[in-house]
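Q: Residue numbers (this note's numbering): 464 to 584.
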Amino acid sequence: RFLLQSALGDAQVSALGAEVLARGLNASTLQPPLRPVWGCPPREPPVREGNVLVEFQYGQALDPDSNVPANAWTNTHKLPREDPRGIAQILGFLNDGRIDETCEASVGCTTEEFPSGGEGA
């Protein structure tokens, strides 16, 4: 089983790369998804079987338009694993085998502003 946490605007692993991996793993998204992901049908949480892709958005544009290096101050790559919502999701998955919606159910895992501190790479 896999819990895939992807951050939109990630300059290291694009959302497209995460989506291709998710489709290859026959993953679903949590209902309601942040945005539709082709080939990954939404499921009601908690999910206790199968693989799940959860997308996070941190006030960033989507993926870079060109092949550019990650900016340490605005790179979203590791933010889901530092976000308390992402950590709670990981703990539920590792401890109980369930994947919960740990973000606000109506809007998903979104944050209007990029977290301060930089060094997101």
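Heads up, the beta-carbon is just placed ideally off N, CA and C, and yes, glycines get one too.
#1: Once DSSP output is grouped into helix, strand and coil, what is the label at Gln552?
#2: When the Cβ atoms of the region 478 to 495 are set against those of the region 536 to 545, are three or more pairs found closer than 8 Å?
#3: Counting Cβ pairs closer than 8 Å, one from the region 495 to 508 and one from the region 545 to 558, do we hit at least three?
#4: So the candidates are Leu466, Glu575, Asp546 and Pro547; which of them puts its Cα closest to the Cα of Pro508?
#5: Assign Arg548 to one of two classes, buried (16 or more other C-beta atoms within 10 Å of its C-beta) or exposed (fewer than that).
#6: I'd like to confirm the pairing. Which residues does DSSP put opposite Arg506 in its beta bridges?
#7: Given Glu567, which residues of its chain have a CB within under 7 Å of its CB, disregarding the five upstream and five downstream residues?
#8: Helix, strand or coil for Gly487? Go by DSSP, reduced to three states.
#9: Note down, in chain order, each residue of its chain lying with its Cβ closer than 8 Å to the Cβ of Glu575, except the 5 sequence neighbours on either side.
A: Quick look at the numbers:
#1: Within the sequence shown, residue 552 is the residue found at index 89, counting from 1. Of the three classes helix, strand and coil, the one that applies to Gln552 here is helix, per DSSP.
#2: no
#3: no
#4: Taking the first residue of the sequence shown as position 1, residue 508 is located at position 45. Ranking Leu466, Glu575, Asp546 and Pro547 by Cα distance to Pro508 puts Leu466 first.
#5: As a first step, residue 548 must be located in the sequence shown, where it is residue number 85. Flag for Arg548 reads buried.
#6: Reading the sequence shown from its first residue, position 43 is the one you call residue 506. In DSSP, Arg506 forms a bridge with Leu493.
#7: On the sequence shown, position 104 is the one that residue 567 refers to. Correct list: empty, nothing qualifies.
#8: Taking the sequence shown and counting its residues from 1, one reaches residue 487 at position 24. DSSP places Gly487 in helix when its eight states are reduced to three.
#9: On the sequence shown, position 112 is the one that residue 575 refers to. These residues qualify, in order along the chain: Gly522.
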